DNA sequence: CGTTGTCTGTACCGATCAGTCAACACTCGA
DNA sequence: TCGAGTGTTGACTGATCGGTACAGACAACG
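Residue numbers (UniProt numbering), protein chains in the order written: chain X, 1 to 193; chain A, 1 to 193.
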């Protein structure tokens, strides 16, 4: 058996993800990634199919590590209204805590790139659907438990909440400060009150 | 006096704006612009300072032609609640009518580029503030006239509405269809009801 | 008609891009 | 010990990037 790789693919994907996240797909060069990872050009092309392949894998990793696991965790919260509140709180917190103001890789991609590539478009679309489904589930659960009023229309409300999520993530990159973001999050909670 | 320009600067800016709008700043090359306008490279650099200068001018033109004039028009509507409704309706309509799904240049820029350049950052920030101010004004006017309830908290609500605007524009690029966008717009109106 | 000053068109610049390739390093089974 | 097979490396490719230089086209003056 031959020589083994000197790096973990998932580590490289993680670091590549950070670069794509910060700079965007178009503005990220392979050299940026080799600089960030320390992996040489040839090794990178030996392990991956190229820039696009790396980006897709980064998106998948982002989805699994950051989004899906977070939503699964929140689904274990007893009070669904509290779960949604926690969701928005963590969103605002993540936005405020990031000194680079990178926003959310999913939405950054939705704007920069989704109109150009079908693979990526689908990943973005699925990621957003996942959030909508989570919110719909929580709203329905809340209505069953009686701490979200029946007057709340589940599907339109879930979609509006996602739109607010997008707004928070985009405006959090610079246009809105702490107070404004918290106000928006509060308005989101008001939508299910 | 010497030879005059064979093109209108504002025409070139308009066409360059379309290219930037569709492809994003980083992904747009000078060749893309010369192709789209028919202007040769040298003439373009003779008339403008370069790619960045062209982009800033395109952003300014977008702001003036599309945003500011629209908001001024809506401010002449008697019923401020109706003005906000029309604002969201036209937003959804513009999003649905665009076959290229370009979204909004302002928000596209907010995500792709605002973290890299201070001039552009300010333009984006000011553009968003303009919309917030418009919405605050209409909400206050509606409260005075009595067709928006006093229980609506002007500033947080205006900010949430802008967040929904962003959401509609971003999600309208692919993730959300006609029904979903209209539902989100309706939820926006519900926020001031 | 010639001078003057601006605009046009294109060749060209160095830098950088994504991606390739062949020489070399290394491990392991035979 | 050596060949097979994989990983690493850095030089290299052709294309394209943003931007420049300059020769020629043109119009308004004298």
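Note that the Cβ used here is the ideal one computed from N, Cα and C, for glycine as well. All of these numbers come straight from a predicted model, not from anything done at the bench.
Output needed for residue 100 of chain A: all residues of its chain with C-beta closer than 7 Å, excluding positions within five of it in sequence on either side, in chain order. On the second chain, position 100 is the one that residue 100 of chain A refers to. In the same chain as residue 100 of chain A, and ignoring 5 residues on each side of it, the C-beta atoms closer than 7 Å to its own belong to 22, in chain order.
Compute the distance between the beta-carbons of residue 109 of chain A and residue 131 of chain A, then report whether it is under 9 Å. Taking the second chain and counting its residues from 1, the one referred to as residue 109 of chain A is at position 109. Taking the second chain and counting its residues from 1, the one referred to as residue 131 of chain A is at position 131. Remark: C-beta atoms of residue 109 of chain A and residue 131 of chain A do not approach each other more closely than 9 Å.
In the DSSP assignment, find the unbroken alpha helix (DSSP H) run with residue 47 of chain A in it and report its ends. Sequence index remark: in the second chain, residue 47 of chain A carries index 47 (1-based). From DSSP, the alpha helix (DSSP H) with residue 47 of chain A extends over 41 to 47.
Are the CB atoms of residue 171 of chain A and residue 166 of chain X nearer to each other than 9 Å? Against the second chain, residue 171 of chain A aligns to sequence position 171. Against the first chain, residue 166 of chain X aligns to sequence position 166. Against a cut-off of 9 Å, the Cβ pair of residue 166 of chain X and residue 171 of chain A comes out as a contact.
Between the stretch 82 to 96 of chain A and the stretch 179 to 193 of chain A, do three or more beta carbon pairs fall short of 8 Å? Taking a cut-off of 8 Å on C-beta distances, the stretch 82 to 96 of chain A touches the stretch 179 to 193 of chain A, as three or more cross pairs fall below it.
Could you check if residue 95 of chain A is buried or exposed, using at least 16 other CB atoms within 10 Å of its CB as the buried criterion? Here residue 95 of chain A refers to the residue found at position 95 of the second chain. Under this definition residue 95 of chain A is a buried residue.
To be precise: take each residue of the stretch 105 to 131 of chain A, compare its Cβ to all Cβ atoms of chain X, and keep it if any distance is under 7 Å. Which residues remain? Within the stretch 105 to 131 of chain A, contact with chain X at the beta-carbon level (separation under 7 Å) is assigned to 107, 108, 110, 111, 112, 114, 115, 121, 124, 125 and 128.
Throw me the rounded Cβ distance for the residue 163 of chain A and residue 164 of chain X pair, which I believe falls under 8 Å. Residue 163 of chain A sits at position 163 when you count from the first residue of the second chain. Residue 164 of chain X sits at position 164 when you count from the first residue of the first chain. The C-beta distance from residue 163 of chain A to residue 164 of chain X rounds to 5 Å, short enough to fall under 8 Å.
Evaluate residue 50 of chain X with the Cβ neighbour count: other Cβ atoms within 10 Å of its Cβ, from every protein chain shown; 16 or more gives buried, anything less gives exposed. Counting from 1 along the first chain, the entry for residue 50 of chain X is found at position 50. Per the 10 Å Cβ criterion, exposed.
So, at 7 Å on beta carbons, what are the nonlocal neighbours of residue 14 of chain X in its own chain, with the 5 sequence-adjacent residues on each side left out? Stepping through the first chain from its first residue, residue 14 of chain X is reached at position 14. These residues qualify, in order along the chain: 61.
Please confirm whether residue 19 of chain A and residue 32 of chain A have their CB atoms less than 9 Å apart. Along the second chain, one-based indexing puts residue 19 of chain A at 19. Along the second chain, one-based indexing puts residue 32 of chain A at 32. One thing to note: residue 19 of chain A has its Cβ within 9 Å of the Cβ of residue 32 of chain A.
Output the distance between the C-alpha atoms of residue 98 of chain A and residue 105 of chain A, rounded to the nearest integer angstrom. Looking up residue 98 of chain A in the second chain gives position 98. Looking up residue 105 of chain A in the second chain gives position 105. Answer to the nearest angstrom: the Cα atoms are 13 Å apart.
Residue 142 of chain A: which of A:118, A:8, A:127 and A:75 sits nearest, CA to CA? Your numbering for residue 142 of chain A matches position 142 in the second chain. Comparing alpha-carbon positions, the option among A:118, A:8, A:127 and A:75 lying closest to residue 142 of chain A turns out to be A:75.
Along the alpha helix (DSSP H) that carries residue 77 of chain A, what are the first and last residues, could you check? Within the second chain, the letter at position 77 stands for residue 77 of chain A. Residue 77 of chain A -> no alpha helix (DSSP H), and no H or E assigned at all.
Proximity of residue 47 of chain X and residue 4 of chain X at Cβ, strictly below 9 Å: For the purposes of this step, residue 47 of chain X is taken as the residue at position 47 of the first chain. For the purposes of this step, residue 4 of chain X is taken as the residue at position 4 of the first chain. In this structure, the beta-carbon distance from residue 47 of chain X to residue 4 of chain X does not fall below 9 Å.
Return the residues of the stretch 175 to 189 of chain A that lie within a Cβ-Cβ distance of less than 8 Å from chain X, sorted by chain order. Those would be 175, 176, 180, 183, 184, 186, 187 and 188, in chain order.
The ligand SAM heavy atom lying under 8 Å from the CB of residue 39 of chain X: The model depicted lacks the ligand SAM and carries no ligand whatsoever.
Cβ atoms of residue 136 of chain X and residue 112 of chain A: under 9 Å apart, would you say? As a first step, residue 112 of chain A must be located in the second chain, where it is residue number 112. As a first step, residue 136 of chain X must be located in the first chain, where it is residue number 136. No, they are not a contact pair.
Step through the CB atoms of chain X and report whether any lies within less than 9 Å of the CB of residue 155 of chain A. For the purposes of this step, residue 155 of chain A is taken as residue 155 along the second chain, with counting starting at 1. With respect to chain X, the C-beta atom of residue 155 of chain A has a partner C-beta closer than 9 Å.
So, residue 29 of chain X versus residue 7 of chain X, is the Cβ gap smaller than 9 Å? The residue you call residue 29 of chain X lines up with position 29 of the first chain. The residue you call residue 7 of chain X lines up with position 7 of the first chain. Not closer than 9 Å, so no.
Our contact map puts residue 192 of chain X next to residue 39 of chain X with C-beta atoms below 8 Å; I'd like the distance itself, whole angstroms only. In the first chain, counting from the first residue as 1, residue 192 of chain X sits at position 192. In the first chain, counting from the first residue as 1, residue 39 of chain X sits at position 39. Rounded, the Cβ-Cβ distance is 46 Å, inconsistent with contact.
Look at the alpha carbon of residue 128 of chain X and the alpha carbon of residue 175 of chain A, and state the distance between them as a whole number of angstroms. The count along the first chain starts at 1 and reaches residue 128 of chain X at position 128. The count along the second chain starts at 1 and reaches residue 175 of chain A at position 175. The alpha-carbon of residue 128 of chain X is positioned some 7 Å away from that of residue 175 of chain A.
Determine the extent of the alpha helix (DSSP H) in which residue 125 of chain A is found, giving its start and end residues. As a position in the second chain, residue 125 of chain A is number 125, starting the count at 1. Where residue 125 of chain A is concerned, the enclosing alpha helix (DSSP H) stretches over 118 to 145.
First and last residue of the uninterrupted alpha helix (DSSP H) at residue 180 of chain A: On the second chain, residue 180 of chain A is found 180 positions in, with the first residue counted as 1. 178 to 191 is the span of the alpha helix (DSSP H), which, as asked, contains residue 180 of chain A.
Considering Cα atoms alone, identify which of X:119, X:157, X:117 and X:116 is closest to residue 134 of chain X. Translated into positions along the first chain, residue 134 of chain X becomes position 134. Comparing alpha-carbon positions, the option among X:119, X:157, X:117 and X:116 lying closest to residue 134 of chain X turns out to be X:157.
Helix, strand or coil: which one does DSSP assign to residue 69 of chain X? Numbered from its first residue, the first chain carries residue 69 of chain X at position 69. In the structure shown, residue 69 of chain X adopts helical secondary structure according to DSSP, grouped into three states.
Interface residues of chain A around residue 103 of chain X at Cβ under 7 Å? Here residue 103 of chain X refers to the residue found at position 103 of the first chain. In chain order: 111.
Does residue 159 of chain X have its Cβ less than 9 Å from a Cβ in chain A? As a first step, residue 159 of chain X is located in the first chain; it is residue number 159 there, counting from the start. At least one chain A Cβ lies under 9 Å of residue 159 of chain X.
Helix, strand or coil, according to DSSP, for residue 24 of chain X in the structure here? Within the first chain, residue 24 of chain X is the residue found at index 24, counting from 1. Residue 24 of chain X falls in the coil class under three-state DSSP.
I'd like the list of long-range same chain contacts for residue 77 of chain A, defined as Cβ closer than 6 Å, with 5 residues on each side in sequence excluded. As a working mapping, residue 77 of chain A is identified with position 77 in the second chain. Only 83 meet the Cβ criterion.
Should residue 168 of chain X be flagged as near chain A, meaning a C-beta pair shorter than 9 Å? Numbered from 1 along the first chain, position 168 holds the residue referred to as residue 168 of chain X. So yes, residue 168 of chain X belongs to the interface.
If the cut-off is 7 Å on Cβ atoms, which residues from the UniProt domain "HTH tetR-type" (6 to 66) of chain A count as contacting chain X, listed in chain order? So the list reads 24, 26 and 27, given in the order they occur along the chain.
Measuring CA to CA, which of X:55, X:93, X:190 and X:168 is closest to residue 149 of chain X? Reading the first chain from its first residue, position 149 is the one you call residue 149 of chain X. For the residues X:55, X:93, X:190 and X:168, the minimum Cα distance to residue 149 of chain X belongs to X:190.
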